[in-house]
Amino acid sequence: MMALRIEERVAFAIERLLRADDSWRGLVRDMVDRWPEEPPLELGFTLVSAASAIESSFAEGSPAREAAMQGYRLAALVSMDVHAMQLLGMACDRADHLLAYWDIDPFFARL
């Protein structure tokens, strides 16, 4: 069951990262909405897994490789938010706890 959820999340992230429009901008917000009870670092893991899958599926120089880089960037930013939440003593054991942090640092809210 858990592997199925991970595969579903990774497929969702791959699809959004590979779209020709700017769908990646709302990807993390949409992941929080879709999977609010997951640990927030699980979202980062999902993004890294999606980016790695894209990277291994497309040749260097392919425009899709930029989508992989965007996935890695988003994962890094999610992990930074979780770390900042820990430093501030904020609850950060669920993805939807990120929403409270985004009230303080609205980067993802505005992305």
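Under our numbering, the residues of the sequence shown are numbered 2 to 112, in order.
No residue lacks a Cβ here, since even glycine has one placed at the ideal position from N, Cα and C.
query                                                                                                                                  : result
Alpha helix (DSSP H) containing His84: first to last residue?                                                                          : Ala65 to Leu88
Measuring straight from C-alpha to C-alpha, what distance separates Glu67 and Glu56?                                                   : 9 angstroms
Taking all protein chains shown into account, decide if Arg6 is buried (16 or more other Cβ within 10 angstroms of its Cβ) or exposed. : exposed
Answer with buried or exposed for Glu16, where buried requires no fewer than 16 other C-beta atoms within 10 angstroms of its C-beta.  : exposed
Considering only their Cβ atoms, is the gap separating Met32 from Ala96 smaller than 9 angstroms?                                      : yes
Could you check if Arg10 is buried or exposed, using at least 16 other CB atoms within 10 Å of its CB as the buried criterion?         : buried
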